[in-house]
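Step one of this worksheet: look at the structure below.
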Amino acid sequence: MTAALAFDTLQYSKRLQQAGVAAPLADAQAEALAQVLTTGMDALATRADLEKVTLATRADLEKVTLATRADLEKVTLATRADLEKVTLATRADLERVTQTTRADLERVTQATRADLERVTQTTRADLERVSLAARTDLERVETSLKGDIHALENRLISTEGQLRSEFRSELRLLEQRMTIKLGSMLVVAVGVMAVLDKLL
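Each residue of the sequence shown is one higher than the last, beginning at 76 in my numbering.
So this is what it looks like as structure tokens:
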């Protein structure tokens with residue numbers, strides 16, 4: 076159903092002629108404009124056509140929406156399934172890696188403990204050897220010091236004996252000298268006394 080449009084070509088042609096357009100040209104323009112308007116109105120859609128198109132579009136949109144939802148659900152389900160598979164595979168890989176890591180860690184720990192025990196034993200043995208050598212050296216030094224001290228004591232005793240002997244000899248000589256001097260002084264004194272007796 077098309078809408079009717081009233082267009083007076085004769086009146087339009089007269090107005091063109093009044094504006095200075097030639098009559099043949101004015102008639103041609105009026106007819107051409109009438110054809111354009113008639114064709115355009117025939118091409119215009121009515122409300123019924125628009126409603127039909129709208130309903131059809133809605134139906135198509137619902138179909139597309141339903142199809143899209145179905146596809147989305149399929150994709151979602153597939154994605155969930157893939158994700159579960161990946162998760163399971165990842166967990167399995169993680170468990171394997173964890174077990175392998177634990178085993179490696181245990182081996183490394185055991186090896187480290189064994190190395191530490193060997194180093195500890197070696198260190199203890201070296202320390203015992205060093206301690207024994209130090210004790211032996213200390214005993215030798217102590218024995219040497221005791222010998223040196225004993226030798227010094229003997230030297231001191233010997234020196235003391237020599238000094239005492241020399242002191243006694245010197246003391247005897249001094250006593251002898253003092254005796255001689257005292258004797259000489261007595262002789263002189265006796266002589267002086269004798270002279271004094273004679274003089275008095």
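Each residue gets a CB set at the ideal place from its N, CA and C atoms; glycine is no exception.
Quick one: using the 10 Å Cβ neighbour count with 16 as the cut-off for buried, is residue i buried or exposed?
i	result
S88	buried
A269	exposed
A105	buried
Would residue i pass as a contact of residue j if the rule is Cβ separation under 9 Å?
i	j	result
L91	A107	no
T84	A109	yes
When the Cα atoms are used, what is the spatial distance from residue i to residue j?
i	j	result
V265	R243	32 Å
K273	V263	15 Å
E217	R252	51 Å
K144	A131	In the sequence on display, residue 144 carries Arg and not Lys. The alpha-carbon atoms of R144 and A131 are separated by roughly 19 Å.
G236	K256	30 Å
D201	T211	15 Å
L180	Q174	10 Å
T165	Q196	45 Å
D135	D146	16 Å
A178	R199	31 Å
Q86	T113	17 Å
L163	V183	30 Å
V172	V161	16 Å
R193	S206	19 Å
E241	S233	12 Å
V150	E159	14 Å
S259	R230	43 Å
R204	E245	60 Å
L271	R239	46 Å
L261	L249	18 Å
A209	K221	18 Å
E228	S219	14 Å
R133	R155	32 Å
V96	A103	11 Å
A78	V111	Residue confidence for A78 is low, a pLDDT of 47 falling below 50, so the modelled location carries little weight and cannot support an answer.
Looking at the ligand GDP, does it come within less than 8 Å of residue i, judged from the CB to the closest heavy atom?
i	result
R204	Among the ligands in the structure shown, none appear at all, so the ligand GDP cannot be discussed.
Going along the chain, which residues of its own chain have a beta-carbon closer than 6 Å to the beta-carbon of residue i, five neighbours each way excluded?
i	result
T254	none
Can you check whether the C-beta of residue i is within less than 9 Å of a C-beta belonging to chain C?
i	result
L112	In the structure shown, chain C does not exist; there is a single protein chain.
Give every residue of the same chain whose Cβ lies closer than 8 Å to the Cβ of residue i, excluding the five residues on either side of it in the sequence, and list them in chain order.
i	result
R277	With the chain running from 76 to 275 in the structure shown, residue 277 is simply not present.
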